[in-house]
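**Student:**
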Amino acid sequence: MRNGIICRYLRDVPVMDRVHEHITLPPIVARAVDTTAFQRLRSLKQLGSSSYLYPAAVHTRFEHSIGVAHIAQLLLGRVQRCQPDLRINDKDREKVMLAGLLHDVGHGPFSHLFEEVMSRKFGLLFDHDKMSQTIGRNILKVLLPKDDVEDVLRVMRGEPASHLVYTEIVTNKRNGIDVDKLDYFLRDSLCCFGKPTVDVRLSRLFNSARLVQYEGQWQLAFEEKVALSLRELFVLRTKLHKNVYQHRVVKAIDHMICDIMGAAAPYFLVHGHTLLECVCHEELFLKLGDWVLDAIESSADTNLKPAQDIISRLRSRDIYRFILSRALKSEAAPPDNWLNDVAEDIVAAVSKKQSTKITKEDIIVDQVVINHGKGNSDPLQSVLFFNPKRPSQSYFKMSSSASRHSTLFTPFAFEERTLMIFECRDTGGAVLKAADAVVSHEKYSKYFVDSLPFYNTP
Numbered sequence: 060m061r062n063g064i065i066c067r068y069l070r071d072v073p074v075m076d077r078v079h080e081h082i083t084l085p086p087i088v089a090r091a092v093d094t095t096a097f098q099r100l101r102s103l104k105q106l107g108s109s110s111y112l113y114p115a116a117v118h119t120r121f122e123h124s125i126g127v128a129h130i131a132q133l134l135l136g137r138v139q140r141c142q143p144d145l146r147i148n149d150k151d152r153e154k155v156m157l158a159g160l161l162h163d164v165g166h167g168p169f170s171h172l173f174e175e176v177m178s179r180k181f182g183l184l185f186d187h188d189k190m191s192q193t194i195g196r197n198i199l200k201v202l203l204p205k206d207d208v209e210d211v212l213r214v215m216r217g218e219p220a221s222h223l224v225y226t227e228i229v230t231n232k233r234n235g236i237d238v239d240k241l242d243y244f245l246r247d248s249l250c251c252f253g254k255p256t257v258d259v260r261l262s263r264l265f266n267s268a269r270l271v272q273y274e275g276q277w278q279l280a281f282e283e284k285v286a287l288s289l290r291e292l293f294v295l296r297t298k299l300h301k302n303v304y305q306h307r308v309v310k311a312i313d314h315m316i317c318d319i320m321g322a323a324a325p326y327f328l329v330h331g332h333t334l335l336e337c338v339c340h341e342e343l344f345l346k347l348g349d350w351v352l353d354a355i356e357s358s359a360d361t362n363l364k365p366a367q368d369i370i371s372r373l374r375s376r377d378i379y380r381f382i383l384s385r386a387l388k389s390e391a392a393p394p395d396n397w398l399n400d401v402a403e404d405i406v407a408a409v410s411k412k413q414s415t416k417i418t419k420e421d422i423i424v425d426q427v428v429i430n431h432g433k434g435n436s437d438p439l440q441s442v443l444f445f446n447p448k449r450p451s452q453s454y455f456k457m458s459s460s461a462s463r464h465s466t467l468f469t470p471f472a473f474e475e476r477t478l479m480i481f482e483c484r485d486t487g488g489a490v491l492k493a494a495d496a497v498v499s500h501e502k503y504s505k506y507f508v509d510s511l512p513f514y515n516t517p
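Note that the working numbering numbers the sequence shown so that position 397 is 456, with each residue one more than the last.
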């Protein structure tokens with residue numbers, strides 16, 4: 060190694076971040092950053108296709124992952140200072156930073172959309188968390204002893220362990236309050252809206268946090284005074300899903316990219332292998348990035364013409380047209396195959412009353428689910444609280460009784476399901492008329508509720 064590279068790993072490495080400003084990475088974390096597997100995250104947009112709606116949303120998994128590592132260090136550092144009895148040391152801080160750094164290293168092109176492509180088009184259950192474990196293990200095994208590698212992977216999974224007090228910091232499966240979400244809440248809202256849209260100070264939140272053993276497991280607990288701030292985080296999650304991640308324009312473009320990848324997959328090769336083959340082999344998977352869309356577009360292979368035609372539409376903003384949406388009642392339980400039934404009924408209605416003929420491939424009937432992170436349950440009731448002014452009082456969770464929650468700031472529901480219908484080609488209004496008639500029929504209308512308008516209706 061050159062002298063400059065050797066010196067880089069002898070001291071903390073400074074990084075300038077758009078959200079957290081000045082960040083310092085310990086040498087071992089910097090070494091993980093400088094691996095080719097992690098550097099690949101520079102080519103993955105954090106929000107996939109959302110930049111087609113919000114032009115500034117071009118931030119990457121690379122910067123998000125560094126931000127998560129930084130916040131993990133801040134939180135565990137605070138606990139280390141305020142709870143010396145836990146005997147947290149610098150090695151523990153490095154472990155939790157590495158877990159935060161590597162938690163997303165298994166994402167494919169266009170981030171979460173890649174999993175949908177694999178599922179919808181090929182019936183393949185690709186899990187980026189499992190791929191992160193595989194890639195993370197190979198990065199860590201040259202940096203840490205075997206036992207420490209397993210500890211970092213366990214923290215990435217959010218898996219409880221008696222000898223690790225901080226397994227909920229990076230991935231909190233209990234209630235969703237973890238440093239991963241704290242970073243992307245701040246980063247995504249900054250890049251999409253120009254400023255963070257949540258009034259939660261990390262310093263105040265972390266100053267109110269403790270790591271405690273409760274019901275046999277180590278959990279992250281907070282002073283009860285920050286309960287409303289935590290509620291705001293859950294609400295922000297729904298706003299980001301509504302305004303960004305599952306916005307009708309983003310969903311339309313997601314479906315286009317899904318169709319592009321589906322049409323190109325049998326013919327587009329990476330180092331002589333198809334996309335499906337790349338998913339099954341780590342070395343090939345690490346070659347994938349958002350660049351595949353440009354590569355498909357510029358390929359001379361005539362087999363890719365159908366995919367290139369969709370890309371051409373995307374480049375000229377001729378995106379799939381949003382037809383209508385309907386919110387489902389919270390108690391509605393339509394049959395498992397109801398989306399397919401709606402699509403078939405729309406096709407039949409168009410064929411019966413219009414001169415235009417369509418097939419199911421010409422329309423998309425989708426269901427969008429937005430919640431606070433725990434289905435239709437209140438995640439705040441899964442958060443552990445304490446009152447420092449009452450040291451004799453035990454730790455507690457907010458109950459659903461009126462004495463323990465605000466009637467003003469507590470939603471009456473925590474999940475919204477919405478039917479969205481798109482047409483893939485212009486049908487001169489035929490699909491719009493048919494879709495409106497179909498969803499208004501008593502066969503389906505019983506599942507829907509009149510909701511607050513969010514889009515101008517066509």
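C-beta: ideal position from N, C-alpha, C; glycine also. None of these values were measured; they are calculated from a predicted model.
(1) Three or more beta-carbon pairs under 8 Å between the stretch 245 to 257 and the stretch 107 to 125, yes or no?
(2) Valine 238 and valine 229 look like a contact to me (Cβ under 8 Å); what is the Cβ gap, rounded to whole Å?
(3) If you follow the beta strand (DSSP E) that threonine 83 is in, where does it begin and where does it stop?
(4) How long is the line joining the alpha carbons of glutamate 420 and phenylalanine 481, rounded to whole angstroms?
(5) Give the DSSP-derived three-state secondary structure of alanine 220 in the structure shown.
(6) Please list the terminal residues of the continuous beta strand (DSSP E) segment that includes valine 424.
(7) Per DSSP, what kind of secondary structure is valine 498 in: helix, strand or coil?
(8) What's the gap between the Cα of alanine 461 and the Cα of valine 271?
(9) Can you tell me whether valine 201 is buried or exposed, with buried defined as 16 or more other CB within 10 angstroms of its CB?
(10) Relative to the C-alpha of threonine 193, which residue among Phe181, Val508, Asp151 and Glu209 is closest?
(11) Going straight from the alpha carbon of valine 303 to that of alanine 322, what length do you get?
(12) Buried or exposed, going by whether 16 or more other CB atoms sit within 10 Å of the CB of serine 124?
(13) Under 8 Å by Cβ, that's how I've got tryptophan 277 and threonine 361 pegged, so tell me the actual separation to the nearest angstrom.
(14) Taking the alpha carbon of leucine 383 as the reference point, which residue from Ser375, Gly432, Ala496 and Asp368 has its own alpha carbon closest?
(15) Counting pairs of beta carbons, one from the stretch 486 to 501 and one from the stretch 372 to 387, are three or more of them closer than 8 Å?
(16) Tell me whether valine 428 is buried or exposed, calling it buried when 16 or more other Cβ atoms sit within 10 Å of its Cβ.
(17) Buried or exposed for aspartate 377, going by 16 or more other Cβ atoms inside 10 Å?
(18) List the DSSP bridge partners of tryptophan 277.
(19) Rounded to whole angstroms, what is the Cα-Cα separation between valine 164 and arginine 372?
(20) Would you kindly check if the distance between the Cβ of tyrosine 111 and the Cβ of valine 308 is under 8 Å?
**Tutor:** According to the structure shown:
(1) yes
(2) 6 Å
(3) 80 to 84
(4) 11 Å
(5) strand
(6) 422 to 430
(7) helix
(8) Unreliable positioning characterises alanine 461 in this predicted model, as indicated by a pLDDT of 47, which lies under 50. The coordinate reading is nonetheless provided below. For alanine 461 and valine 271, the distance between alpha carbons rounds to 26 Å.
(9) exposed
(10) Glu209
(11) 26 Å
(12) buried
(13) About 58 Å separates the two Cβ atoms, so there is no contact after all.
(14) Ala496
(15) yes
(16) exposed
(17) exposed
(18) Gln272
(19) 31 Å
(20) yes
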